[in-house]
Ligand SMILES: Cc1ncc(C[n+]2csc(CCOP(=O)(O)OP(=O)(O)O)c2C)c(N)n1
Ligand code: SF4
Ligand SMILES: [Mg+2]
């Protein structure tokens, strides 16, 4: 985990490098920087998934000395990274199907074990659809058997590769092309959906964590922690999608940060089913600030708008804050 | 060594002799005894090093096999029926990726209505999946085919399905010659993958392919099966040299040289057919049997060579294409293109319906007397079929078909006198 940071400049979310210890500092991209997902891929401008995957896979590569193999589910990440004969992947990588990345990871891990190659480690990765819906059976099986695979879910909260349809990770009230903002209850229905990090925790696997692309050091640290362990590990990364969310490409990081600072997306770590750490909210922000930046929620704010839905989403954020103790004791909920 | 063992156990021991490195198991009758046997062999250390993965579905079984094979391990799984359908997407993927997985298919009917007994609907449902499909006529052949299958699969880098009739073979106890480990090691070299996930030489496997090359990739899969058409008999011959048993190959004919009528079939029914044919020959009928051992690739030339001299060909099928008729028949007719041979399809043994010598003999006599319909469902109980048709004509809400028929048949217990 990051050492706690003292923010001398109040009212800003950015931390000047000089306020950080050297290992926590961000550095400009350099040619020497490791790059498991090379440039030239076809992701949209501002794609959170491309950013999240690159930092996560890079960190995993660094943690295991480059001795890493990846299994990838069908989805944006797979499609934009391998427009063959070009491929962005600088590590052995296999795409099999949409719903089987976790099982393919299990197979690779089993093969490595038989071959006595315990130095080589395995990650499996996919989008929220490939993870929470169609790939859930294989994922739960991999968890339950405690197979030696780190599964990375890049959650952009919908089926983006097929043109933005609802998944079980789509937030309530969000517009997708299968939850249109029409009728008395526009957008994705309340009362549905699943929280995969909690389900992963219920398997009591060695490590479960959530992260966002707003805090890449935190993401890297969690990957590193995950790679220091064996068995089934799960990392759920919130990756805003400008195209699917109807957001400005320049707002990807800001949105990820707002998701955390509103309490909408709790950032935490858990071991064997128990929460061990949470990222505290620095300055609590009403969900409206987060929602307004995204066209998928525009119907909540038009005329007449849906203030009751905004309130319901706020209540969900508040519940997260309470449940995971996302605020320091000094701040009242 | 000669052993009296169950077919499933024989297959488990044969697979063990092939030194599999990753075995994925998900239970379904009539495959269960095979994976149970393998589980025990792995756990007791008789197969080592080997990972035995109890997966949560057949889809995962094939997916784990895909990952293992792509990472350079010799991978094996087994399934049947619903299980094969459940893994279908991964079955196509394994062949598309060119991964030499070996899978036993304990042939069983597909529901609904759910039925655990033998027929070939499962194999035929994946006819076009790009796997090599070999059919065993008896348990010794099932055992031998598994050892040949690993060699074939790995040489060509394509997966092989060994099909054996559920229950009829899997659960039958027969005398079996079990090869020794040294013999199998000498026949089957260690797996040398064509492509492997290896950090020392990173490759991307499974990229999207567009119109610019997709046809060519598919053609190459077909071309490989054409090579398999040559390698299958060669491997069978090498196997015969080393193990002294003539099993496998493309086709197997009995009394076909002078036959005017030839029955074509796959799997264990060939044994019953051979006996039937002997009986009919004693009555002076010029009749023979052609067993197809390699269903995919389909040996068009070998089939034609045997059949073209006959007057009529009866394809006996344990599956059918609803709305058309025979599945294997279509392939056989393609082999006979232009030859003046009459073709009949006899659908028999669906869902475990017994195929008796008496019924076969009378059906084949009908064929010889030119009294057989082009498409015949052998031993169909017309009584219950017609009653259901009447019911449907009489009332819109005639109810679920299978349950109606079962009521007409009456409880099985009532028939036990
Ligand atoms: C079995 C199957 N069903 C559906 C699809 C179509 N499909 C491909 S990618 C995709 C959406 C992927 O969504 P997600 O997993 O969330 O990843 P994202 O593209 O959003 O990163 C879908 C529905 C498929 N390839 N295979
Ligand atoms: S649609 Fe979204 S997830 Fe897909 S490449 Fe574009 S920004 Fe990334
Ligand atoms: Mg998605």
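Residue numbers (the working numbering), protein chains in the order written: chain A, 178 to 510; chain B, 12 to 428.
Every residue, glycine too, gets a C-beta built ideally from N, C-alpha and C.
- Proximity of the beta carbon of residue 337/A to ligand 2 is indicated: a heavy atom of the ligand is located closer than 7 Å.
- At least one heavy atom of ligand 2 lies less than 7 Å from the C-beta of residue 421/A.
- Taking 8 Å as the threshold, the shortest C-beta distance from residue 64/B to chain A falls below it.
- The closest heavy atom of ligand 3 lies less than 7 Å from the beta carbon of residue 306/A.
- Pairing residue 337/B with residue 129/B, the inter-Cα distance amounts to about 17 Å.
- With a threshold of 8 Å between beta carbons, residue 208/B makes contact with chain A.
- Under the 8 Å criterion on CB atoms, residue 371/A is classed as non-interfacial with respect to chain B.
- Taking 8 Å as the threshold, the shortest C-beta distance from residue 217/B to chain A falls below it.
- With fewer than 16 other Cβ atoms inside 10 Å of its own Cβ, residue 205/B counts as exposed.
- Three or more beta-carbon pairs separated by less than 8 Å link the stretch 347 to 364 of chain A to the stretch 466 to 486 of chain A, which places the two stretches in contact.
- Comparing C-alpha distances from residue 416/B to each of 159/B, 269/B, 307/B, 393/B shows the shortest one belongs to 393/B.
- Residue 105/B and residue 480/A have their C-alpha atoms roughly 53 Å apart.
- Contact between residue 299/A and residue 311/A is absent: CB atoms are separated by about 20 Å, not below the 8 Å threshold.
- Residues of chain B whose Cβ lies closer than 8 Å to the Cβ of residue 234/A do not exist, since the nearest Cβ in that chain is about 12 Å away.
- Remark: C-beta atoms of residue 259/B and residue 95/B do not approach each other more closely than 8 Å.
- For the stretch 332 to 363 of chain A, not one full-length alpha helix (DSSP H) segment reaches 4 residues or more.
- For residue 209/B, the closest C-alpha among the options 430/A, 408/A, 327/A, 292/A is that of 292/A.
- Beyond the five residues adjoining it in sequence on each side, residue 165/B comes within less than 6 Å, by CB distance, of 111, 202 in the same chain, given in chain order.
- The alpha-carbon separation between residue 318/B and residue 356/B amounts to approximately 15 Å.
- The way I'd put it, the stretch 367 to 387 of chain B does touch the stretch 322 to 330 of chain B; three or more beta-carbon pairs between them come closer than 8 Å.
- Between residue 323/A and residue 409/A, the C-beta spacing is below 8 Å.
- Inclusion of residue 382/A and residue 320/A in the CB contact set at 8 Å is warranted, their separation being smaller than that value.
- In the structure shown, residue 380/A falls within a coil segment according to DSSP collapsed to helix, strand and coil.
- The Cβ-Cβ distance between residue 273/A and residue 34/B does not fall below 8 Å.
- DSSP, read as helix, strand or coil, puts residue 410/A in strand.
- The C-beta of residue 212/A comes no closer than 8 Å to any C-beta of chain B.
- Under DSSP, residue 270/A takes part in a beta bridge, and its partners are 247/A, 215/B.
- Pairing residue 270/B with residue 299/B, the inter-Cα distance amounts to about 6 Å.
- The beta-carbon of residue 295/A is placed no less than 8 Å from the nearest beta-carbon of chain B.
- Using a C-beta cut-off of 8 Å, the stretch 279 to 288 of chain B makes contact with the stretch 145 to 163 of chain B, since at least three inter-stretch Cβ pairs fall below that distance.
- Residue 266/B and residue 354/B have their C-alpha atoms roughly 19 Å apart.
- Considering only 60/B, 89/B, 291/B, the residue with the shortest C-alpha distance to residue 74/B is 89/B.
- Listed in chain order, the alpha helix (DSSP H) elements of length 4 or more contained wholly in the stretch 364 to 425 of chain B are 368 to 379, 393 to 405, 412 to 420.
- In the assembly as shown, residue 235/B is a buried residue. Its beta-carbon has 16 or more other beta-carbons within 10 Å.
- The C-beta of residue 158/B comes no closer than 8 Å to any C-beta of chain A.
- Judged by DSSP secondary structure, residue 253/B falls within the alpha helix (DSSP H) whose first and last residues are 225 to 254.
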